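Have a look at the structure below before the remarks.
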Amino acid sequence: MKDIWNLQPETRIVVEANQYGQPIGKEASKLAEFLGTIARTGSICPLDTKQLKHLSKYVLENILRIVHEKFDLQGKVKDFDILSHVGKLRKEFKSTLKTRYYKEMVQEGRSIEEIYENNPSSVHDDRWKWLVERCGTPQVVVCTFIRLIVSFFLLPLTV
Numbered sequence: 030m031k032d033i034w035n036l037q038p039e040t041r042i043v044v045e046a047n048q049y050g051q052p053i054g055k056e057a058s059k060l061a062e063f064l065g066t067i068a069r070t071g072s073i074c075p076l077d078t079k080q081l082k083h084l085s086k087y088v089l090e091n092i093l094r095i096v097h098e099k100f101d102l103q104g105k106v107k108d109f110d111i112l113s114h115v116g117k118l119r120k121e122f123k124s125t126l127k128t129r130y131y132k133e134m135v136q137e138g139r140s141i142e143e144i145y146e147n148n149p150s151s152v153h154d155d156r157w158k159w160l161v162e163r164c165g166t167p168q169v170v171v172c173t174f175i176r177l178i179v180s181f182f183l184l185p186l187t188v
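Each number in the working numbering corresponds to the 1-based position in the sequence shown with 29 added.
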């Protein structure tokens, strides 16, 4: 991944796309991996908003600028699709943080102060505090419970 971040300013990786605008070929996997690093980098894609669409226009334009500096998408891959994929990866990253760090510490019976102090090294203190506060809200607990109930009723029944 360092080779992509360290590309010369004039050099871009050419990504082919199919007729639906979906990236294909080995460069497509490089693009997907690069988008993942963007989604996990708090200085580029902050975690302290609920959804990607709530980020400022400046942040979204900056994400697209970085992608277009490193990749030649030949006008076939839409900016909307890039941002949608970054949003999906960002959501997965936040879920991983919640599962791996927050839930484990809560199950161990740690205090909220200990949870604040033991933030992952890749997440800024302020953003970690925002995530922890958000994870413990009644709204999130209720939504998680509702998702669990809905998934139970949507499971196929076997006899």
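Virtual Cβ for every residue (Gly too), placed ideally from N, Cα, C. Nothing here was measured: the structure is a model prediction, and the numbers come from that model.
Spatially closest choice to residue i from the options, by CA coordinates
i      : options                          : result
ILE111 : ALA46, SER150, SER140 and TYR130 : ALA46
GLU39  : HIS97, LYS105, LYS82 and LYS117  : HIS97
ILE68  : GLU56, LYS105, VAL106 and LEU126 : The residue asked about is misnamed: residue 68 is Ala in this sequence, not Ile. Considering only alpha carbons, the answer is LEU126.
LEU160 : GLU137, ILE92 and TYR130         : TYR130
SER140 : THR66, ASP155 and GLU162         : GLU162
TRP34  : ILE95, VAL88, SER58 and LEU84    : ILE95
Sequence-distant residues of its chain with Cβ nearer than 6 Å to residue i (five each side left out)
i      : result
VAL169 : With a pLDDT of 48 at VAL169, under the threshold of 50, the predicted position of this residue should be treated as unreliable, though the coordinate-derived value follows. So the list is empty, once near-sequence residues are dropped.
HIS189 : Coverage of the chain is limited to positions 30 through 188, which leaves residue 189 absent and any answer about it impossible.
HIS114 : LEU64
8 Å contact criterion, which residue i and residue j should meet: CB distance rounded
i      : j      : result
GLY50  : LEU81  : That pair is no contact at about 19 Å.
LYS158 : TYR145 : 6 Å
LEU36  : LYS99  : 6 Å
Residue i and residue j closer than 8 Å at C-beta
i      : j      : result
ARG41  : ASP108 : no
ILE118 : LEU64  : The sequence given here places Leu at residue 118; Ile does not occur at that position. Cβ atoms of LEU118 and LEU64: closer than 8 Å.
PRO52  : VAL44  : yes
ASN147 : MET134 : yes
GLU56  : MET30  : no
Same chain, Cβ closer than 7 Å to residue i, neighbours up to 5 away in sequence not counted
i      : result
LYS105 : ALA46 and GLY50
SER151 : ARG69
Own chain, CB closer than 8 Å to residue i, minus 5 neighbours either side, in chain order
i      : result
VAL188 : Any reading at VAL188 must be qualified, since the residue scores a pLDDT of 45, below 50, and its modelled position is unreliable; the value itself is stated next. Hits under 8 Å: none found.
GLY54  : VAL44 and GLU45
The region 117-125 in contact with the region 59-79 per 3-pair CB rule at 8 Å: Yes, the region 117-125 touches the region 59-79.
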